[in-house]
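S.K.: Residue numbers (our numbering): 2 to 281. Glycine included, each C-beta is placed from N, C-alpha and C at the ideal position. As the structure is a prediction and not an experimental result, all values here were calculated from the model.
1) How would you write the range of the alpha helix (DSSP H) that residue 353 sits in, first residue to last?
2) What's the C-alpha gap between residue 173 and residue 133?
3) Pull the bridge partners of residue 267 from the DSSP assignment, please.
4) For residue 45, which of 87, 97 and 3 has the nearest alpha-carbon?
5) Would you kindly work out how many angstroms separate the C-alpha atoms of residue 237 and residue 210, rounded to a whole number?
6) Compute the Euclidean distance between the alpha carbons of residue 149 and residue 95, then round it to the nearest angstrom.
7) Answer yes or no: does any C-beta atom of chain D fall closer than 8 angstroms to that of residue 223?
8) Which first and last residues belong to the alpha helix (DSSP H) in which residue 186 is found?
9) Do residue 181 and residue 195 come within 8 angstroms of each other at the CB atom, strictly closer than that value?
10) Return yes when the Cβ of residue 118 is within less than 8 angstroms of the Cβ of residue 144, no when it is not.
11) Which same chain residues end up closer than 6 angstroms to residue 159 when comparing Cβ atoms and leaving out the 5 residues on each side of it in sequence?
12) Looking at the secondary structure, which residues open and close the beta strand (DSSP E) in which residue 168 lies?
13) Can you grab the Cα-Cα spacing for the pair residue 128 / residue 135, in whole Å?
14) In whole angstroms, what is the alpha-carbon distance linking residue 260 and residue 193?
15) How would you write the range of the alpha helix (DSSP H) that residue 38 sits in, first residue to last?
16) Can you tell me which of the three DSSP states residue 47 falls into?
17) Verify whether the separation of the beta carbon atoms of residue 125 and residue 100 is less than 8 angstroms.
18) Measure the beta-carbon distance from residue 19 to residue 30 and round it to whole angstroms, keeping in mind my assumption that it falls under 8 angstroms.
19) Going by C-alpha distance, which of 233, 250 and 13 is nearest residue 220?
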């Protein structure tokens with residue numbers, strides 16, 4: 002049981018029922034609500050709020066203005082049989098929201114860290130396992146599970162009850178529809194559902210992100226060229242780049258596919274259906 006007093010800013014508030022260890026550092030305006038438990042080398046940035054019944058453990062750092070709802074657990078030991086104990090880190094940015102029951106585990110390997118960026122929204126009972134790296138402004142919806150070493154790009158959406166296999170990458174502004182699962186990389190700007198099946202370009206998400214019509218059209222054309230029919234993906238990439246000038250976004254998609262170690266999600270299995278068009 003932790004003993005002693007936290008290193009707290011003058012305006013930090015700690016509820017009398019909370020347990021806060023002596024190595025904990027609290028920035029200005031931090032609020033620790035009822036029945037929270039903090040033990041380890043923990044640093045909470047200014048304005049961060051723990052509403053109640055929040056547990057933070059280990060070597061864990063959170064930036065400013067994060068909000069942690071009841072029963073969130075951050076920094077607990079990884080669910081990895083190879084984990085041998087010892088210090089591992091969790092590093093979280095600013096302005097994130099973690100809803101009820103979210104769990105974020107510390108890294109499993111020495112010298113590594115689980116990383117969550119800025120402005121993310123983790124909904125109820127979502128999970129990011131050891132060594133995950135989540136970018137900025139993502140949405141990890143209720144019940145979604147990110148296995149160990151998963152990477153999620155900026156502004157991606159992982160919908161409710163999705164399952165992402167370890168070492169899988171989710172590209173920037175990609176969207177996984179609810180109840181889908183993947184053990185293959187999902188390219189940026191794409192929609193995926195079922196079992197690693199690509200459906201088209203995330204048109205709505207791109208528009209919300211400020212993409213112009215010409216940028217979206219170029220991505221649609223590239224998607225059709227790469228995934229519109231069953232073909233060798235390596236040859237399709239070469240043909241795509243040789244037949245037309247590539248925009249920055251198309252090049253981002255191409256480089257993501259080329260760098261994949263697990264292989265990328267498949268193209269549509271059926272042609273000519275509404276599902277397979279463009280995600281609108």
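M.R.: Well, looking at it:
1) Nothing about residue 353 can be reported from this structure: the residues present for the chain run from 2 to 281 only.
2) By one-based count along the chain shown, residue 173 stands at place 172. By one-based count along the chain shown, residue 133 stands at place 132. Going from the Cα of residue 173 to the Cα of residue 133 covers about 15 angstroms.
3) Here the question's residue 267 lines up with position 266 in the chain shown. Partner(s): 198.
4) Taking the first residue of the chain shown as position 1, residue 45 is located at position 44. Among 87, 97 and 3, the Cα nearest to that of residue 45 belongs to 97.
5) Translated into the one-based positions of the chain shown, residue 237 becomes position 236. Translated into the one-based positions of the chain shown, residue 210 becomes position 209. Looking at the two C-alpha atoms, the distance is approximately 28 angstroms.
6) Here residue 149 corresponds to residue number 148 of the chain shown, with the count starting at 1. Here residue 95 corresponds to residue number 94 of the chain shown, with the count starting at 1. Their Cα atoms are separated by approximately 22 angstroms.
7) Given the protein chain composition of this structure (a single chain), no chain D is represented.
8) Within the chain shown, numbered from 1, the residue matching residue 186 stands at position 185. Looking at the DSSP string, residue 186 is not in any alpha helix (DSSP H), and its letter there is neither H nor E.
9) Position 194 of the chain shown holds residue 195. Position 180 of the chain shown holds residue 181. Their beta carbons are under 8 angstroms apart, which means residue 195 touches residue 181 by this criterion.
10) Here residue 144 corresponds to residue number 143 of the chain shown, with the count starting at 1. Here residue 118 corresponds to residue number 117 of the chain shown, with the count starting at 1. Not in contact: residue 144 and residue 118 (Cβ atoms no closer than 8 angstroms).
11) Within the chain shown, the letter at position 158 stands for residue 159. If we look at residue 159 and ignore the five residues flanking it on each side, its Cβ neighbours are 141, 145 and 177.
12) Residue mapping note: residue 168 aligns to position 167 of the chain shown, counting from 1. Careful: residue 168 lies outside any beta strand (DSSP E) and carries neither H nor E.
13) In the chain shown, counting from the first residue as 1, residue 128 sits at position 127. In the chain shown, counting from the first residue as 1, residue 135 sits at position 134. Straight-line Cα distance between these residues: approximately 12 angstroms.
14) Counting from one through the chain shown, the residue named residue 260 turns up at place 259. Counting from one through the chain shown, the residue named residue 193 turns up at place 192. If you take the alpha carbons of residue 260 and residue 193, they lie about 19 angstroms apart.
15) Start at 1 with the first residue of the chain shown, and residue 38 comes out as number 37. Segment 38-40 is the beta strand (DSSP E) holding residue 38; no alpha helix (DSSP H) there.
16) In the chain shown, the residue the question calls residue 47 occupies position 46. Correct three-state label for residue 47: coil.
17) Position 124 of the chain shown, counted from the start, is the residue given in the question as residue 125. Position 99 of the chain shown, counted from the start, is the residue given in the question as residue 100. Yes, Cβ-Cβ distance for residue 125 and residue 100 is below 8 angstroms.
18) Looking up residue 19 in the chain shown gives position 18. Looking up residue 30 in the chain shown gives position 29. So it is not a contact: roughly 16 angstroms between Cβ atoms.
19) Taking the first residue of the chain shown as position 1, residue 220 is located at position 219. It is 250.
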